Ligand code: F6P
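Numbering (the UniProt record's numbering), first residue to last: 6 to 324.
Now the structure itself:
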């Protein structure tokens with residue numbers, strides 16, 4: 006392997022820049038040329054390239070977002086787009102790829118593997134933590150820390166006014182951010198997509214809630230649930246509560262990565278280059294039980310589930 010192309014795709018997540026720094030370091034140490042592909046699959050199709058240098062990345066590795074920019078590409082979902090991307094790679098003599106992204110990125114890689122003759126390795130980068138083959142994805146820890154910081158602040162007002170607060174956190178179809186931030190901020194109720202529309206315990210609890218106290222609900226965004234739905238269910242009870250909704254939104258995606266996300270980025274970035282050099286392809290580098298681990302893309306895109314231990318915690322702390 007002489008020339009690696011790297012891109013970030015899907016939602017940005019804290020730690021992506023640290024991973025890019027690590028990839029640049031490892032590529033340089035092995036005498037490999039490195040090209041940055043901008044705006045995810047869009048840049049792969051259009052040949053929107055940039056040179057990546059370790060000294061520049063060194064200064065950015067502690068920052069959030071992605072210096073390569075990112076996008077959710079509709080064109081890459083079509084075979085035409087993927088064919089064009091392959092042609093662009095060949096024309097530019099790129100002979101291996103590293104992709105950093107979430108669920109959609111891996112689905113794209115799996116589809117690309119059907120026509121692409123170049124080796125590629127993926128790195129899980131998403132705040133949602135909804136990827137199989139790794140205990141944690143890049144950005145999840147930082148997002149949870151941001152959520153916690155904000156929920157703690159909301160508690161101050163909730164306690165002072167004896168209010169019911171519904172805090173909506175991100176996670177698309179995944180309840181990891183809600184689960185972790187809800188448990189660690191002492192929320193009275195935590196609602197995640199994995200438990201479906203299970204409002205019963207929340208409604209029972211809020212009915213008996215002491216109006217001389219705060220009541221904090223942390224709910225994951227999603228098609229099935231979300232802050233508005235929870236709010237309307239509580240209002241249907243016709244009890245006298247002073248209720249407010251706060252949606253944390255994209256603040257959860259930004260900010261400097263936590264120590265854990267920086268280390269994850271560094272470990273997975275170096276491992277991605279090494280795995281390409283070892284002849285591996287079509288696999289994601291993850292960390293399981295604190296050990297680097299390779300998982301084939303077919304496994305990565307399978308529905309990721311909240312594990313039983315966390316489900317048991319949710320049950321215990323919901324009582
Ligand atoms: O996948 C990361 C994520 O932040 C989800 O938690 C959220 O549902 C989604 O991206 C929001 O996407 P966008 O920034 O495109 O609105």
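Every residue, glycine too, gets a C-beta built ideally from N, C-alpha and C. None of the values given here were measured: they were computed from a predicted structure.
Per DSSP, reduced to three states, the secondary structure at residue 199 is helical. A heavy atom of ligand 1 is found nearer than 6 Å to the CB of residue 176. In this structure, the CA atom of residue 17 is about 13 Å from the CA atom of residue 175.
No Cβ-Cβ contact shorter than 7 Å links residue 146 with residue 225.
With respect to the 7 Å criterion, residue 70 and residue 261 are not classified as neighbours on the basis of their beta carbons. Counting other Cβ atoms within 10 Å of its Cβ, residue 135 reaches 16 or more and is therefore classed as buried. Following the DSSP letters along the chain, one finds residue 8 inside the beta strand (DSSP E) bounded by residues 8-13.
The three-state secondary structure of residue 255, taken from DSSP, is helix. When secondary structure is reduced to three states using DSSP, residue 174 falls in the strand class. Residues 216, 217, 218, 219, 247 of the same chain have their beta carbon placed closer than 8 Å to that of residue 167, with the five preceding and five following residues left out of the count. If you check the C-beta of residue 16 against ligand 1, you find a heavy atom less than 6 Å away. Here the alpha carbon of residue 53 sits roughly 14 Å from the alpha carbon of residue 81. When DSSP states are grouped into helix, strand and coil, residue 125 belongs to the strand group. Apart from sequence neighbours up to five positions away, the residues of its chain that approach residue 302 with a beta-carbon distance below 8 Å are 111, 114, 115, 118, 127, 287, 288, 289, ordered along the chain.
If you draw a straight line from the Cα of residue 187 to the Cα of residue 222, it comes to about 8 Å.
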